[in-house]
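Below: one structure, written as structure tokens.
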Amino acid sequence: MDLDRHDFELDELMERIRANDNRLIALQVPEGLKMQALEMMDTIETETSAQVVLAADPCYGACDLVHDKMQLMGVEMVAHMGHSQMNIDSGMPTQFINVTYKGDPELQPVIPWLEQHRAMAQQRLAAQDAPDSTMSEEEAQERFMDAVGRMAPLTNTKLGLVGSIQHLHLLPEFHDRLEKAGFDVTIPIGGARLSFPGQVLGCNYSGDDPSIGHYLFLGSGDFHPIGLVLHTGKPLAMLDPYTGDAEEMSLERIERILRQRFGLIMSVQDANSFGILIGEKPGQMRRTLALRMKRMLAQHGKKGYLLALEHVGPELIDFYPVDAFVNTACPRIAIDDAVKYRKPLITPFELEVALGEKKWELGYQFDEIP
Ligand code: SF4
Numbered sequence: 364m365d366l367d368r369h370d371f372e373l374d375e376l377m378e379r380i381r382a383n384d385n386r387l388i389a390l391q392v393p394e395g396l397k398m399q400a401l402e403m404m405d406t407i408e409t410e411t412s413a414q415v416v417l418a419a420d421p422c423y424g425a426c427d428l429v430h431d432k433m434q435l436m437g438v439e440m441v442a443h444m445g446h447s448q449m450n451i452d453s454g455m456p457t458q459f460i461n462v463t464y465k466g467d468p469e470l471q472p473v474i475p476w477l478e479q480h481r482a483m484a485q486q487r488l489a490a491q492d493a494p495d496s497t498m499s500e501e502e503a504q505e506r507f508m509d510a511v512g513r514m515a516p517l518t519n520t521k522l523g524l525v526g527s528i529q530h531l532h533l534l535p536e537f538h539d540r541l542e543k544a545g546f547d548v549t550i551p552i553g554g555a556r557l558s559f560p561g562q563v564l565g566c567n568y569s570g571d572d573p574s575i576g577h578y579l580f581l582g583s584g585d586f587h588p589i590g591l592v593l594h595t596g597k598p599l600a601m602l603d604p605y606t607g608d609a610e611e612m613s614l615e616r617i618e619r620i621l622r623q624r625f626g627l628i629m630s631v632q633d634a635n636s637f638g639i640l641i642g643e644k645p646g647q648m649r650r651t652l653a654l655r656m657k658r659m660l661a662q663h664g665k666k667g668y669l670l671a672l673e674h675v676g677p678e679l680i681d682f683y684p685v686d687a688f689v690n691t692a693c694p695r696i697a698i699d700d701a702v703k704y705r706k707p708l709i710t711p712f713e714l715e716v717a718l719g720e721k722k723w724e725l726g727y728q729f730d731e732i733p
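Start counting at 1 in the sequence shown, then tack on 363, and there's your number in the numbering used here.
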């Protein structure tokens, strides 16, 4: 990571520590910044009267805030870096620290992708096909595995401009540049789990609406793009502020994931016992959903065991004598890591399809945490 071009906004944190006269705080940083954490701890301890303890467990999002067990250690406040506030209460006073990246990539490399995707959206708008209730089972299953076939009806073909948190400050400027280049651009505003316009998370794309026909994502890696296309079925171009490179999220790749999900659903149809995973992290805890899955399994004559975990990994669950697992913790564990598990690991929606509670023809539904 090019650290010289990142801004870590520690000043506000240090002012708050001084104002509160804090003596012990916890610092929580994303995995990519752990190497720099000791330097930040030195700065905070030199500039304030607080001692700093690093929350050294893995941290992948603001869903994973240090919570009240740190209170036992006497920690008075948590400084959480690189993610934005969510609609959750961790039970600890928390200061969010923004990290922004100064890179400002050229627009030109991504324009051909955007033109191609706009044409796809225009075609889609002109020929929309609603799910047909007379479809055969085979046709319905084909629709399930079609990346775009399940897209909600469009009302327009606007370009949705989104980004990951450290690049969101670029969006207003990119909005204007893209409009000048002839695109009708919107910066979507999502629900309570998101703090900023244009923000997306691996588990939340709630800013999507029917007026958006295609997307541009400012950020690096394919984690957010995979989720957004899996969720919406809309074409998406990516522009990486670190490298200036442009590419698209290929629909073939999304269809490969959908085929894999289809295979997992088929593989649990005869399963009789399920481990239902409940995440203990404050922003992943979906107790009500887990209990609903257990009730639904019981109604189908099957057994569900509730398993609560802070971290989910194959070594922690594979040995249980159940036929399959349903994951209600971070949705991306089932989607991105399924191959690491010996037994099928599926989402709650996928279980509903396997049990016949949801219909194939309505298409794949991404497991979003609202
Ligand atoms: S995708 Fe998973 S790790 Fe990321 S914010 Fe959502 S629940 Fe947390």
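C-beta atoms are modelled at their ideal positions from N, C-alpha and C, and glycine is treated no differently.
Relative to the alpha-carbon of residue i, which residue among the options has its alpha-carbon at the smallest distance?
i           : options               : result
residue 534 : 642, 470 and 556      : 470
residue 461 : 555, 370 and 398      : 370
residue 465 : 422, 442, 528 and 424 : 528
residue 559 : 458, 531, 520 and 720 : 531
residue 582 : 596, 608 and 693      : 608
residue 729 : 686, 393 and 620      : 620
residue 700 : 657, 623, 457 and 726 : 623
residue 666 : 688, 675 and 680      : 688
residue 404 : 422, 368, 443 and 436 : 443
residue 413 : 633, 452, 711 and 385 : 385
residue 505 : 635, 676, 625 and 400 : 625
residue 515 : 731, 727 and 693      : 727
Is the closest heavy atom of the ligand SF4 to the C-beta of residue i under 7 Å?
i           : result
residue 552 : no
residue 672 : no
residue 423 : yes
residue 699 : no
residue 589 : no
residue 705 : no
residue 391 : no
residue 564 : yes
residue 427 : yes
residue 646 : yes
residue 639 : no
residue 695 : yes
residue 732 : yes
Spatial neighbours of residue i within its chain, please: CB distance less than 7 Å, with the 5 preceding and 5 following residues excluded, ordered by chain position.
i           : result
residue 411 : 377, 380 and 381
residue 544 : 470 and 474
residue 502 : none
Pop quiz: residue i and residue j are said to be a contact at Cβ under 8 Å. What is the actual Cβ separation, rounded to whole angstroms?
i           : j           : result
residue 713 : residue 628 : 5 Å
residue 510 : residue 678 : Not confirmed; about 33 Å, so no contact.
residue 517 : residue 487 : 6 Å
residue 638 : residue 691 : The pair is not a contact, with the Cβ atoms about 11 Å apart (cut-off 8 Å).
residue 520 : residue 491 : Not confirmed; about 12 Å, so no contact.
residue 551 : residue 572 : 7 Å
residue 793 : residue 548 : Any property of residue 793 remains undetermined from this structure, which presents the chain solely from 364 to 733.
Less than 6 Å between C-beta atoms, sequence neighbours within five positions excluded: which residues of the same chain meet that for residue i?
i           : result
residue 598 : 480, 483 and 577
residue 389 : 416, 418, 429, 433, 438 and 441
residue 611 : 476 and 600
residue 649 : 691
residue 590 : 565
residue 671 : 641 and 643
Once you ignore the five residues that flank residue i on each side, which residues in its own chain have a CB closer than 8 Å to its CB?
i           : result
residue 602 : 468, 470, 472, 473, 579, 580, 581, 608 and 609
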